[in-house]
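Q: Residue numbers (the working numbering): 144 to 330.
We put the CB at the ideal spot given by N, CA and C, even for glycine.
From a predicted model like this one, the values you see are computed outputs, not experimental measurements.
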């Protein structure tokens with residue numbers, strides 16, 4: 144007959160073992176909602192995230208996104224700033240007013256510190272200047288999903304012009320003029 148071997152482990156070890164089985168690989172994919180009125184941009188964003196284990200939804204406008212989020216919450220939202228109808232800033236404010244704290248990355252061509260300051264006050268966690276590198280977007284999304292997103296400092300004094308903002312260091316929430324990467328995220 145066969146022999147039975149019984150292994151006893153302290154409770155903390157057995158709990159750790161269980162947590163390994165509930166790792167991210169075992170969990171359902173996280174949801175990302177991409178909001179942009181330009182379908183090519185939505186496709187570009189989806190392409191940037193395709194190698195990640197994510198469910199990516201699309202909305203062609205802020206109003207559609209608000210309706211979608213009622214029935215299917217997202218774990219991260221990627222939103223364009225300038226859209227017809229409700230723009231990105233108004234979308235963020237509407238979402239925050241209803242108590243939704245989903246992290247938001249804003250996509251924008253605006254590098255003006257005043258604009259970025261308003262977006263931070265509205266409740267975004269980060270932004271990317273267009274054009275941006277797909278790898279940078281994917282990295283920012285993962286940082287928001289796993290809670291390791293580096294903070295960006297709030298802006299206290301707006302720059303006199305877009306050129307002045309472009310010369311401000313990245314940690315002051317304005318990218319260099321030739322930057323195609325994210326300036327960071329707010330935690």
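1) Following the continuous alpha helix (DSSP H) through residue 240, name the residue where it begins and the one where it ends.
2) Under 8 Å between the Cβ atoms of residue 245 and residue 278?
3) Would you kindly report the start and end of the unbroken beta strand (DSSP E) that includes residue 195?
4) Nearest to residue 181 by alpha carbon, out of 205, 170 and 211?
5) In the structure shown, what three-state DSSP assignment does residue 249 receive?
6) Between residue 273 and the rest of its own chain, which residues show a CB-CB distance below 7 Å, the 5 nearest in sequence each way excluded?
7) Determine which residues share a DSSP beta bridge with residue 177 and list them.
8) Provide the residue(s) that pair with residue 272 in DSSP beta bridges, ordered along the chain.
9) Output the distance between the C-alpha atoms of residue 230 and residue 170, rounded to the nearest integer angstrom.
10) Which residue from 284, 178 and 287 puts its Cα closest to that of residue 227?
A: Based on what the coordinates show:
1) As a working note, residue 240 is residue 97 in the chain shown. Segment 231-240, the alpha helix (DSSP H) holding residue 240.
2) On the chain shown, position 102 is the one that residue 245 refers to. On the chain shown, position 135 is the one that residue 278 refers to. Going by C-beta atoms, residue 245 is not nearer than 8 Å to residue 278.
3) Here residue 195 corresponds to residue number 52 of the chain shown, with the count starting at 1. Here residue 195 belongs to no beta strand (DSSP E), and DSSP marks it neither H nor E.
4) Here residue 181 refers to the residue found at position 38 when the chain shown is read from its first residue. The candidate whose alpha carbon is nearest that of residue 181 is 205.
5) Within the chain shown, residue 249 is the residue found at index 106, counting from 1. Looking at residue 249 - three-state DSSP - the assignment turns out to be strand.
6) Residue 273 sits at position 130 when you count from the first residue of the chain shown. For residue 273, where only same-chain residues beyond five positions count, the Cβ hits under 7 Å are 250, 251 and 252.
7) Position 34 of the chain shown holds residue 177. In DSSP, residue 177 forms a bridge with 201 and 221.
8) Position 129 of the chain shown, counted from the start, is the residue given in the question as residue 272. 251, per the DSSP bridge assignment.
9) Translated into the one-based positions of the chain shown, residue 230 becomes position 87. Translated into the one-based positions of the chain shown, residue 170 becomes position 27. One C-alpha to the other measures close to 33 Å.
10) Within the chain shown, residue 227 is the residue found at index 84, counting from 1. Comparing Cα positions, the closest option is 178.
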